[in-house]
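Peer 1: Take a look at the following structure, please.
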Amino acid sequence: MIRQTDMRNCEDLGNARVSRAGFGVPPKRTSITSQFVLSLPGSKKRSRWRGRARQHATRVGSPDMISARDIVKNYGRKPVLRGISLQAKPKQITLLVGPNGAGKSTTLKVLTGLIRPNSGTAHVNGFDIVRQRILAQRSAAYLPQRPSFHPKLTCLEVLRFYAGLRGVPVSRCEAMLQLTGLGDVARVRTEKLSGGMRQLLGVAFLLLADAPILLLDEPGLSLDPSWRKWLQQKLRFEAERGKTILVTTHLIAEWNDVADRCLLCRDGLIERELDPKNLPADFSEIDSATEGQRVTPIKDSIPNEPYLSISR
Amino acid sequence: MNHIFPSVVNLSSVRALFAREFRAALINRYFQVFCALGLMGGMAAAIFGEDANATAVFYVQIGIYFVSLFALLAGVGSAQAEREEWQLLFTQPLPRAACIAGKFCALLSMFGGILLLMFVPGLLAGSGIRALSSLYFETFLLVATFLAFGLAAGYFAHDRAQGLIVGVSIWLLLLFGLDLVALFAARWSAIQNLPDLWVALLMFNPLDSFRINALFALQQIPAEAANKTPLASWWIAHAGVWFIAIAIVWSLMLVMLSRLRLKTWEE
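Protein chains in written order, with the numbering used here: chain R, 1 to 312; chain E, 1 to 267.
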C-alpha cells in the first residue's frame with residue numbers, strides 16, 4: 001500500500017516537474033514527494049540549504065557534468081582501467097554496460113573520489129576529482145553495489161548522520177524514508193534489514209542531499225521488479241530536473257529505452273556507444289561476435305562419469 | 001581562497017560525527033561493560049584502599065591493566081565499524097583526516113566522562129583531590145594513546161578478528177613483551193654496559209612511562225639504581241612532563257598513521 005502511494009506520488013512529481021521550473025525552485029508543498037523535491041521545514045537551515053541547492057543549480061548548465069579522460073587504474077600489476085574516457089551531460093541518464101570485470105565499478109569509484117587513478121584526469125561538476133576532491137564530492141551522490149551501513153544504528157540515525165555531514169536539514173531524512181517505503185522501519189537497526197530494504201535505504205541516502213550528479217553502481221539488484229521500475233521512473237524524473245545520472249548495470253533489457261546514452265565498457269575501455277532504445281538486440285549482437293570468449297556453461301563442463309548418471 | 005580551502009569541516013559535520021560516535025557507544029556492549037567495571041573498580045579502590053596513597057595506587061593498576069586495554073579495543077571496534085560503510089562515508093564531502101580526528105576526539109571525550117565516573121568514589125572516600133586529579137589527567141592521556149593504537153590497528157587490519165588480535169598483541173607487547181625482550185637481552189654483557197638503553201626502552205613505552213611516573217610520584221620510591229645514569233636521573237626528575245610528551249607524541253603519530261592508511265584505503 002505504501003509502495004503504491006509512493007509510486008503515485010512519484011508520478012505526481014513527474015507531472016509537476018516542467019511547470020515548476022525545475023531545479024533549485026521549490027514547488028508547492030502538497031505531498032511527501034513534493035516535500036522531497038525541496039521542501040524544507042525550519043527557517044535558517046532551510047534557506048542555507050536552498051542557497052546550496054541554487055549553487056548547484058548554477059553549475060548544472062555546464063556542458064559536461066562528468067568528464068573523464070584517459071583514466072588508468074591498476075590494482076597491483078593488474079590493469080583494470082586502461083585509459084577510459086567518458087562524458088555525461090545534465091538532463092541525461094547515461095548507462096555504462098559491460099561484462100564482469102570490465103571496469104564499470106572502478107570507473108564510478110574513481111569518479112566519486114574513492115580511489116585515485118594512476119593517470120588521467122576526471123572532473124565532476126568542473127572540479128578535479130583528485131585535486132579538488134571535496135568540492136567534487138559535494139556535487140555528487142553515490143550508491144554502491146551493496147550499500148552497507150553501521151549495523152547498530154537505525155535507518156533514521158544513519159540518514160541523520162549523512163544529513164549532518166552534508167548540511168541537509170534533518171527533516172528531510174524522514175521524507176526520504178517515506179519516499180522509499182521505509183517509513184515503518186525508520187527506527188529499526190540496519191543489521192535487521194533485508195537485502196532489498198538495505199538497497200532502498202541506499203536509494204534514500206542517494207536522494208538525501210539532492211546532489212546534481214547521481215552515480216549508481218548496479219542499482220536495484222536486490223529490488224523486486226516494481227521497485228526497480230520505480231527507481232527508473234525516479235531517475236528519469238531527476239534527470240529531467242536537470243541532474244546528471246550515470247548508471248552501471250547488467251540488466252540490459254530492463255534499462256532499454258530508459259537511458260539517453262549507453263556506453264559499452266570492456267577491458268577497461270569504452271568500446272563503443274550503443275543505441276539506448278535497442279539495447280537487447282545491440283548487446284546480443286556484440287555477445288555473438290565475442291562468442292569464443294564466453295565462459296563454458298556449467299553443464300558442458302561436468303564430465304559424463306557413471307556416478308553422475310541417473311539410474312532408473 | 002574558498003576554492004582552495006573549502007570550509008568542509010563545518011559545525012554540522014562535527015556535530016554529526018560526535019553524535020554518531022556517542023550513539024554507537026551508547027549501544028556498544030564494550031562501553032556498557034567498561035562503564036560498569038570502571039564504576040566497580042573505582043568503588044573497590046575507594047573501599048579497599050587503606051589510605052589515600054593506596055587508593056591512588058589501586059587506580060594506577062586499574063589504568064594499566066584495564067583502562068588501557070578497553071581503550072585499545074574500543075578504537076579497534078570503532079575503526080572496524082567504519083570499514084563496513086567506507087564506500088558511503090568516504091564519498092561524503094569531508095576530508096578523511098576529519099573522520100579520524102572526529103572519531104578520536106569523540107571517543108576520547110566519552111572515555112573522559114567514564115574515567116570521571118571511576119575517580120569520583122575515590123574522591124568521595126577522602127583521597128587528595130590534587131593527587132587524584134593529576135592521576136585522572138595521566139590516565140586520560142594513557143587512554144588517548146591506546147585509543148590511537150586501537151584506531152591504527154583497526155584501520156590496518158582487514159577484518160574485526162584480525163584487528164582484535166593485532167590490538168591485543170600490541171597491548172601485551174607493551175605490558176610484558178618489551179620487558180621480556182629486555183630480560184633476554186640482559187644475557188649479553190655488551191648490552192648490560194649500556195644502562196641508558198634499558199632506561200630508553202622503558203621511557204618510550206607509554207605503559208612503563210605511565211607506571212614509573214605514577215609510582216614514583218605516589219610512593220616516593222628511592223631511585224638508587226635509576227640515579228646511576230644521567231638519562232635515568234633526568235627522567236625521574238621530569239617523569240610527569242615526559243609522560244605527557246610521550247603520550248601526546250604517540251597519539252599524534254598513530255592518528256597520522258591511521259590517516260595515511262585511510263588515504264590509500266582500498267587502493
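Virtual Cβ for every residue (Gly too), placed ideally from N, Cα, C.
Please read all numbers here as calculations on a predicted model, not as lab measurements.
Mark R/His123 as exposed unless 16 or more other C-beta atoms lie within 10 angstroms of its C-beta, in which case mark it buried.
Peer 2: For the purposes of this step, residue 123 of chain R is taken as the residue at position 123 of the first sequence. With 16 or more other CB atoms across the displayed protein chains lying within 10 angstroms of its CB, R/His123 is buried.
Peer 1: Taking Cβ-Cβ distances shorter than 7 Å, what residues in chain R pair up with E/Ala278?
Peer 2: Residue 278 of chain E lies beyond the stretch modelled for chain E, which goes from 1 to 267, so this question has no answer here.
Peer 1: Assess, as a yes-or-no matter, whether the stretch 163-180 of chain E is touched by the stretch 145-154 of chain E under the definition of 3 or more beta carbon pairs within less than 8 Å.
Peer 2: yes
Peer 1: State yes or no: is the beta carbon of R/Pro147 nearer than 8 Å to at least one beta carbon in chain E?
Peer 2: Within the first sequence, the letter at position 147 stands for residue 147 of chain R. So, interface residue.
Peer 1: Once DSSP output is grouped into helix, strand and coil, what is the label at R/Ser119?
Peer 2: What you label residue 119 of chain R is simply residue 119 of the first sequence in a count that begins at 1. Here R/Ser119 sits in strand by DSSP.
Peer 1: For the candidate residues E/Cys99, E/Leu215 and E/Val76, whose alpha-carbon lies nearest to that of E/Glu138?
Peer 2: Here the question's residue 138 of chain E lines up with position 138 in the second sequence. Checking every option, the nearest Cα to that of E/Glu138 belongs to E/Leu215.
Peer 1: Can you tell me the Cα-Cα spacing of E/Ile114 and R/Glu240, whole angstroms?
Peer 2: The sequence position of residue 114 of chain E within the second sequence is 114, counting from 1. The sequence position of residue 240 of chain R within the first sequence is 240, counting from 1. Spanning the two alpha carbons is a distance of roughly 53 Å.
Peer 1: With a cut-off of 8 Å, does the C-beta of R/Ile134 fall near any C-beta of chain E?
Peer 2: As a working note, residue 134 of chain R is residue 134 in the first sequence. Chain E, which has a Cβ nearer than 8 Å to the Cβ of R/Ile134, makes this yes.
Peer 1: Output yes or no for whether 8 Å exceeds the beta carbon distance between R/Ile134 and E/Pro230.
Peer 2: The residue given as residue 134 of chain R occupies position 134 in the first sequence. The residue given as residue 230 of chain E occupies position 230 in the second sequence. Not closer than 8 Å, so no.
Peer 1: Under 8 Å between the Cβ atoms of R/Trp255 and R/Leu279?
Peer 2: Taking the first sequence and counting its residues from 1, the one referred to as residue 255 of chain R is at position 255. Taking the first sequence and counting its residues from 1, the one referred to as residue 279 of chain R is at position 279. Yes, they are a contact pair.
Peer 1: Suppose only complete runs of 4+ residues qualify. What are the alpha helix (DSSP H) ranges in the stretch 197-258 of chain R, listed by chain order?
Peer 2: Scanning the stretch 197-258 of chain R for uninterrupted alpha helix (DSSP H) segments of 4 residues or longer gives 225-240, listed from N- to C-terminal end.
Peer 1: Given that E/Pro93 touches chain R, what residues does it touch there, using C-beta distances under 8 Å?
Peer 2: Against the second sequence, residue 93 of chain E aligns to sequence position 93. Within 8 Å Cβ-Cβ: Ile134, Leu135, Gln137, Arg138, Leu165 and Arg166.
Peer 1: At what residues does the beta strand (DSSP E) containing R/Gly83 begin and finish?
Peer 2: Translated into the one-based positions of the first sequence, residue 83 of chain R becomes position 83. Residues Lys78 to Ala88.
Peer 1: Let me know the secondary structure DSSP gives R/Glu191 once reduced to three states.
Peer 2: The residue you call residue 191 of chain R lines up with position 191 of the first sequence. Shown here, R/Glu191 sits in a helix according to DSSP, grouped into three states.
Peer 1: Per DSSP, R/Ala141 is paired with what?
Peer 2: On the first sequence, position 141 is the one that residue 141 of chain R refers to. For R/Ala141, which the question treats as bridged, DSSP gives the partners R/Leu214.
Peer 1: So with Cβ pairs under 8 Å, would you call R/His123 a contact of chain E?
Peer 2: Here residue 123 of chain R refers to the residue found at position 123 of the first sequence. No, no contact with chain E.
Peer 1: Just list the beta strand (DSSP E) runs in the stretch 137-163 of chain E, keeping only unbroken ones of 3 residues or longer that don't cross its boundaries, in chain order.
Peer 2: DSSP assignment within the stretch 137-163 of chain E yields no whole beta strand (DSSP E) run of 3 residues or more.
Peer 1: Any beta carbon of chain R sitting closer than 8 Å to that of E/Ala79?
Peer 2: On the second sequence, position 79 is the one that residue 79 of chain E refers to. Closer than 8 Å: no.
Peer 1: Please classify R/Lys109: does DSSP put it in a helix, a strand, or coil?
Peer 2: As a working note, residue 109 of chain R is residue 109 in the first sequence. DSSP places R/Lys109 within a helical segment (H, G or I) once states are collapsed to three.
Peer 1: Flag E/Leu39 as yes if its beta-carbon sits less than 8 Å from any beta-carbon of chain R, otherwise no.
Peer 2: To locate residue 39 of chain E, count along the second sequence from 1; it is residue 39. Taking Cβ atoms only, chain R never reaches closer than 8 Å to E/Leu39, which makes this a no.
Peer 1: Looking at R/Leu208: is its Cβ nearer than 8 Å to the Cβ of R/Tyr162?
Peer 2: Along the first sequence, read from residue 1 onward, the residue named residue 208 of chain R stands at position 208. Along the first sequence, read from residue 1 onward, the residue named residue 162 of chain R stands at position 162. Yes. Within cutoff.
Peer 1: Taking 8 Å as the CB-CB limit, is R/Glu238 close to chain E?
Peer 2: As a first step, residue 238 of chain R must be located in the first sequence, where it is residue number 238. Not one chain E Cβ lies under 8 Å of R/Glu238.
Peer 1: Which whole-angstrom value is the C-beta distance of R/Cys265 and R/Pro276, which I expect to be below 8 Å?
Peer 2: Sequence index remark: in the first sequence, residue 265 of chain R carries index 265 (1-based). Sequence index remark: in the first sequence, residue 276 of chain R carries index 276 (1-based). So it is not a contact: roughly 15 Å between Cβ atoms.
Peer 1: Would you verify that the beta carbon of R/Glu174 is, or is not, closer than 8 Å to some beta carbon of chain E?
Peer 2: What you label residue 174 of chain R is simply residue 174 of the first sequence in a count that begins at 1. So, not an interface residue.
Peer 1: If I follow the unbroken alpha helix (DSSP H) through E/Leu62, where does it start and stop?
Peer 2: Position 62 of the second sequence, counted from the start, is the residue given in the question as residue 62 of chain E. The sequence given here has Ile at residue 62 of chain E, not Leu. Segment Ala52 to Ile62, the alpha helix (DSSP H) holding E/Ile62.
Peer 1: Go to R/Arg69, then tell me how far its beta strand (DSSP E) extends in each direction, as first and last residue.
Peer 2: Translated into positions along the first sequence, residue 69 of chain R becomes position 69. That run of the beta strand (DSSP E) goes Ile66 to Tyr75.
Peer 1: Per DSSP, R/Glu273 forms a beta bridge with which residues?
Peer 2: The residue you call residue 273 of chain R lines up with position 273 of the first sequence. R/Glu273 pairs with R/Leu263.
Peer 1: Is the Cβ of E/Phe216 closer than 8 Å to any Cβ of chain R?
Peer 2: Counting from one through the second sequence, the residue named residue 216 of chain E turns up at place 216. Chain R contact via Cβ: absent.
Peer 1: Can you tell me whether R/Gly101 is buried or exposed? The criterion is at least 16 other CB atoms within 10 Å of its CB, across all chains shown.
Peer 2: Within the first sequence, the letter at position 101 stands for residue 101 of chain R. Under this definition R/Gly101 is an exposed residue.
Peer 1: Runs of 3 residues minimum, wholly inside the stretch 164-199 of chain E: which ones carry the beta strand (DSSP E) assignment?
Peer 2: none
Peer 1: Taking 8 Å as the CB-CB cut-off, is E/Phe34 touching chain R?
Peer 2: Position 34 of the second sequence, counting from 1, holds the residue named residue 34 of chain E. So no, E/Phe34 is outside the interface.
Peer 1: Could you tell me which chain R residues have their CB closer than 9 Å to the CB of E/Ala19, listed as they occur along the chain?
Peer 2: Along the second sequence, one-based indexing puts residue 19 of chain E at 19. Listed along chain R are Glu157, Arg160, Phe161 and Gly164, each with a C-beta nearer than 9 Å to that of E/Ala19.
Peer 1: I want to see whether chain C comes within less than 8 Å of R/His250, judged by CB atoms only; does it?
Peer 2: Absence of chain C from the displayed structure is noted, the protein chains being R and E.
Peer 1: In this structure, what does DSSP give as the bridge partners for R/Val315?
Peer 2: For chain R, the structure presents residues 1 to 312; residue 315 of chain R sits outside this window and is missing.
Peer 1: Counting only Cβ-Cβ distances shorter than 7 Å, please list the residues of the stretch 55-89 of chain E near chain R, keeping chain order.
Peer 2: Ala81, Glu84, Glu85, Gln87 and Leu88
Peer 1: Checking the sheet assignment: what are the DSSP bridge partners for E/Asp208?
Peer 2: Here the question's residue 208 of chain E lines up with position 208 in the second sequence. In the DSSP output, where bridge partners are listed per residue, E/Asp208 has none listed.
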